[in-house]
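Only one structure is covered here, and it is reproduced in the block below.
Numbering (full-length UniProt numbering), first residue to last: 1 to 424.
Listed below in structure tokens is the structure:
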């Protein structure tokens, strides 16, 4: 099936998540469900969506691949809008240290923490980073992810950051999943700039950012705004400069202490602010008023045994909330969308409907792409998942289990999770 011409018929539920902008507040519960639904995709783009009877009234099926989704729910492909999937090395032993109660500084003194990944990524070859990144993206695809954001940030020097972004670009060209690249050279203070975070920011502005822009290697610029990492003032300086160069803006904000990152995200016009475990009421209010998407990462709070972000308060304050995996080698080594859904519904007070919105149209909005992906609307990319079950409720109900049966990208079947027991 190479044409991208496909019809899905008889879907028990066609969960359209219809819309072209982020959904806020009560609108996050509106999934735009069509019973016994059908979808037509031509050359990778959705051209019709509605009831099977209406959609198929004048269609010549001979020009299409036809998928009968009787007894199955059909949804937009998931958008994982915050990941760090290109890196070298692993930190499995460090995870065990944390489980037994070792504190962060003790782990750092033993060579662990983010700088461990920085060393491994600097040493890794382009081929090694490509191969591991490609495999991780395939695991995400099996979970129903059709678009992913990928951050650099494990080089902390211009050469390695560019290497990460170039690897993402190559994977994007070869893999079915679309990769949206983010430059995050300000992920931590590099060893070369110890106690000189401000100097590192200036070097990024003067040296690294122009190279990233010249190579067209990133859509977004991100920064870790946190005590003992980069201050509000340093973050404002970098984000302002990046915006002037034409980058869209993201922030790691208010994860560990309430530093005012949410407020800064609203001030600089960031597309999203992410983590937000410690976001203040005022910061939440400002994000809502400036249309900053609140991207929440419950897998990280779970892995670190920290309290979860206040999703319920954010939704009720009128924020558009997105959910993402934060897949990375340290604080959240999982690409499991089923885990994210379970944590959001069981521990963050989100309804199943809100979690689906957060992983589709609002995830797309967190990448400033809600006009092209994130819903089953005419004119958007034909990125679709077919569940094993007849209702979207199974995504939350079948706790921690992947219920995605098939994944369609731009009208082509790219992943089939149906299993057959081999003869013994």
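Virtual Cβ for every residue (Gly too), placed ideally from N, Cα, C. Being a predicted model, the structure only gives us computed values, none of them experimental.
Rounded C-beta distance between residue i and residue j? I'm assuming under 8 Å.
i: residue 183; j: residue 149; result: Residue 183 to residue 149, Cβ: 12 Å. No contact.
i: residue 239; j: residue 223; result: 7 Å
i: residue 24; j: residue 390; result: At roughly 29 Å, the Cβ-Cβ gap does not stay under 8 Å, so residue 24 and residue 390 are not in contact.
i: residue 414; j: residue 387; result: At roughly 16 Å, the Cβ-Cβ gap does not stay under 8 Å, so residue 414 and residue 387 are not in contact.
i: residue 366; j: residue 293; result: 4 Å
i: residue 177; j: residue 133; result: So it is not a contact: roughly 11 Å between Cβ atoms.
i: residue 158; j: residue 208; result: 4 Å
Does residue i pass the burial test, meaning 16 or more other C-beta atoms within 10 Å, or should it be called exposed?
i: residue 399; result: exposed
i: residue 278; result: buried
i: residue 1; result: Per-residue confidence for residue 1 stands at a pLDDT of 39, beneath the threshold of 50, marking its modelled position as unreliable; no derived number is given.
i: residue 346; result: exposed
i: residue 307; result: exposed
i: residue 195; result: exposed
i: residue 8; result: buried
i: residue 173; result: exposed
i: residue 360; result: buried
i: residue 104; result: exposed
i: residue 187; result: buried
i: residue 344; result: buried
i: residue 52; result: buried
i: residue 163; result: buried
i: residue 143; result: buried
i: residue 215; result: exposed
i: residue 303; result: buried
i: residue 325; result: buried
i: residue 68; result: exposed
i: residue 235; result: buried
i: residue 395; result: buried
i: residue 320; result: buried
Please confirm whether residue i and residue j have their CB atoms less than 9 Å apart.
i: residue 380; j: residue 46; result: yes
i: residue 358; j: residue 375; result: no
i: residue 411; j: residue 41; result: yes
i: residue 44; j: residue 14; result: no
i: residue 353; j: residue 28; result: yes
i: residue 21; j: residue 383; result: no
i: residue 225; j: residue 251; result: yes
i: residue 66; j: residue 6; result: yes
i: residue 175; j: residue 138; result: yes
i: residue 350; j: residue 312; result: yes
i: residue 145; j: residue 337; result: yes
i: residue 117; j: residue 377; result: no
i: residue 272; j: residue 265; result: yes
i: residue 213; j: residue 246; result: yes
i: residue 39; j: residue 74; result: yes
i: residue 169; j: residue 180; result: no
i: residue 57; j: residue 11; result: no
i: residue 33; j: residue 49; result: no
For residue i, which beta-bridge partners are listed by DSSP?
i: residue 381; result: 45
i: residue 51; result: 37
i: residue 275; result: 253
i: residue 9; result: 68
i: residue 150; result: 181
i: residue 223; result: 186
i: residue 292; result: Answer by DSSP bridge pairing: none, since residue 292 is not bridged.
i: residue 408; result: 384 and 413
i: residue 15; result: 33
i: residue 145; result: 78
i: residue 321; result: 294
i: residue 230; result: 225
i: residue 248; result: 220
Requested in this report: Determine contact between the segment 141-160 and the segment 80-94, defined as no fewer than three beta-carbon pairs at a distance below 8 Å.
Outcome: yes
Query raised in the report: Hey, is the segment 329-348 in contact with the segment 290-304, meaning 3+ C-beta pairs nearer than 8 Å?
Result: yes
Requested in this report: Decide if the segment 257-271 is in contact with the segment 206-219; the criterion is three or more beta carbon pairs, one per stretch, under 8 Å apart.
Outcome: no
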